[in-house]
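Using the working numbering, read the sequence shown as starting at 59 and increasing by one per residue.
These notes concern the structure reproduced below.
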Amino acid sequence: MLVLTLATMIAMPFVSASARVTTGAEQLILSAFNALNGKRVGLITNQTGRVGKSHLVDILADAPNLKLVRIFAPEHGFRGLVEAGKKVSDKRDPKTGVEVASLYGKTKKPTRRMLRGLDVLVFDIQDVGVRYYTYISTMGLAMQAAAEAGLPFVVLDRANPLGGTYVSGDVLEMRHSSFVGQYPIPIVHGMTVGELARMIKGEGWLPGLGRLDLTVVKMRGWSRDMLWPNVSDAWIATSPNIPTFESALVYPGIGIVGLTDVNEGRGTPIPFSQFGAPWLDAREAARRLSRAGLPGVKFRAVRYVPKSIPGVAVDPLFRGRQVNAVRLRITDAAAYRPLETGIHALVETWRQHRRSGRKQFIRQSRMFTLISGTRRLRRALEAGRTRRYSCRGHGPPPGSRHRRCRRAQC
Numbered sequence: 059m060l061v062l063t064l065a066t067m068i069a070m071p072f073v074s075a076s077a078r079v080t081t082g083a084e085q086l087i088l089s090a091f092n093a094l095n096g097k098r099v100g101l102i103t104n105q106t107g108r109v110g111k112s113h114l115v116d117i118l119a120d121a122p123n124l125k126l127v128r129i130f131a132p133e134h135g136f137r138g139l140v141e142a143g144k145k146v147s148d149k150r151d152p153k154t155g156v157e158v159a160s161l162y163g164k165t166k167k168p169t170r171r172m173l174r175g176l177d178v179l180v181f182d183i184q185d186v187g188v189r190y191y192t193y194i195s196t197m198g199l200a201m202q203a204a205a206e207a208g209l210p211f212v213v214l215d216r217a218n219p220l221g222g223t224y225v226s227g228d229v230l231e232m233r234h235s236s237f238v239g240q241y242p243i244p245i246v247h248g249m250t251v252g253e254l255a256r257m258i259k260g261e262g263w264l265p266g267l268g269r270l271d272l273t274v275v276k277m278r279g280w281s282r283d284m285l286w287p288n289v290s291d292a293w294i295a296t297s298p299n300i301p302t303f304e305s306a307l308v309y310p311g312i313g314i315v316g317l318t319d320v321n322e323g324r325g326t327p328i329p330f331s332q333f334g335a336p337w338l339d340a341r342e343a344a345r346r347l348s349r350a351g352l353p354g355v356k357f358r359a360v361r362y363v364p365k366s367i368p369g370v371a372v373d374p375l376f377r378g379r380q381v382n383a384v385r386l387r388i389t390d391a392a393a394y395r396p397l398e399t400g401i402h403a404l405v406e407t408w409r410q411h412r413r414s415g416r417k418q419f420i421r422q423s424r425m426f427t428l429i430s431g432t433r434r435l436r437r438a439l440e441a442g443r444t445r446r447y448s449c450r451g452h453g454p455p456p457g458s459r460h461r462r463c464r465r466a467q468c
């Protein structure tokens, strides 16, 4: 009777009627917070930790059978308003009065002091399904900290917006492991955060996780063939430059283009949906990309001027200069292959850059290797070879030993 009463009083007003999938956070509420009952809770979350029109922080703060002690903020901050790569400060949530500890400032891993007074650590963040998006690195380090402190770790699962069947890109070589790539998985990995958490533990990808008490609160209604439009009618910006589902969809490939002498749409309203440079022959690039037969996308030549946008892109490449650009228009999200499209764009811009006689095409050399997860992509470019990155299977990364993770991924 207690569960029914709490579910009726607490959960129902917050569950969106338009939602097609019940998230792990919603399942937690419908269970009357069973996994957190009587516990002092630390919550790793940001602006995406929504349940209907409310934030999970507000719901947990009002829950009668637990105490929300501390909020942990990843890159971009608790409200998601901090520009990529900028440090996040500790503060206090003005609405609930709960302390907000930064996991993207002095430390990226919860410290013993941060975990003091907690009985459980909970993760609830909407990810985008890309290895180099840092939220999954935050999750892994927090899992490790929880194991070291003897705290249970609970992941509230959320859908992978790119679905669970598209897997693409080289598997990370662990010698290139970093905060923008901690695990030997492809660039587009096809897993939810809950599935990935189980794999991180099961494969022992971080030291000390064998003793971690891990719980994944599963979704209901999600299937692997679902892209975001089949999951929910609403999209909450996962970071300042991922304001829409389309920006998340094109991000895996065009995000890599942005490490070169090319603006990837930062400083415009549609980041990652266009790319350009003053030296680019955009008509030629659009024509050649159109001839490549890439599915689910069309290309056209445009011009734009990157501008400084506080909190989003303060100093984008070619700020204040007109660039010749190619704009992507997604015609079929299910057929679209974001990484393969990005690699074609990378090869075309590399080709034109060499022809122009300009130097240093790759502006962020080390980051390019870390995000690629290998030196093979750079070597292929330097050798003048067009190279498609694609995993032909949809199973776990090569070498996976964990049966449960295999079943979760397949």
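Note that CB positions come from ideal geometry on N, CA and C, so glycine has one too.
Status (buried if at least 16 other CB within 10 Å, exposed otherwise) for residue i
i      : result
Arg385 : buried
Pro329 : buried
Asp185 : buried
Thr389 : exposed
Gln240 : buried
Asp120 : exposed
Met277 : buried
Asn104 : buried
Gly107 : buried
Arg395 : buried
Val372 : exposed
Lys153 : exposed
Ala383 : buried
Ser290 : buried
Ser226 : buried
Proximity of residue i and residue j at Cβ, strictly below 7 Å
i      : j      : result
Val180 : Leu124 : no
Glu157 : Arg128 : yes
Val274 : Gly252 : yes
Gly222 : Arg150 : no
Thr484 : Gly311 : Within the shown structure, residues of the chain are numbered from 59 to 468, placing residue 484 beyond reach of any answer.
Pro298 : Gly369 : yes
Pro244 : Met232 : no
Tyr191 : Ile183 : no
Val146 : Gly135 : yes
Ala83  : Leu214 : yes
His234 : Gly96  : no
Leu428 : Val229 : no
Leu126 : Val99  : yes
Ala205 : Arg269 : yes
Asn321 : Gly334 : yes
Val246 : Leu114 : no
Ile258 : Gly198 : yes
For residue j and residue i, believed in contact at Cβ under 8 Å, the rounded distance
i      : j      : result
His411 : Asp319 : 6 Å
Val315 : Leu404 : 5 Å
Pro168 : Ala131 : Rounded, the Cβ-Cβ distance is 11 Å, inconsistent with contact.
Gly187 : Asn218 : 4 Å
Arg387 : Val355 : 7 Å
Trp408 : Leu375 : About 16 Å; that fails the 8 Å criterion.
Glu406 : Ala343 : 5 Å
Assigned secondary structure, residue i (DSSP; H/G/I helix, E/B strand, else coil)
i      : result
Ala131 : strand
Phe181 : strand
Ala292 : coil
Val473 : Any question about residue 473 goes unanswered here, given that the chain covers just 59 to 468.
Asn92  : helix
Arg78  : coil
Gly198 : helix
Phe55  : Given that the chain is displayed from residue 59 to residue 468, the structure contains no residue 55 and the question cannot be resolved.
Arg377 : coil
Gly239 : strand
Thr250 : coil
Ser147 : coil
Ser430 : helix
Val188 : strand
Ser348 : helix
Ser226 : strand
Val140 : coil
Tyr394 : coil
Leu439 : helix
Ile328 : coil
Pro310 : helix
For residue i: DSSP bridge partner residues
i      : result
Lys365 : None; Lys365 has no bridge partner.
Lys125 : Arg98
Leu285 : Paired residue(s): none; Leu285 is not in a bridge.
Val274 : Val213
Ser112 : Val109
Thr318 : Ile420
Arg358 : Arg385
Gly334 : Asn321 and Ala383
Ala480 : Residue 480 lies beyond the residue range present for the chain, which begins at 59 and ends at 468; the question has no answer from this structure.
Thr103 : Asp182
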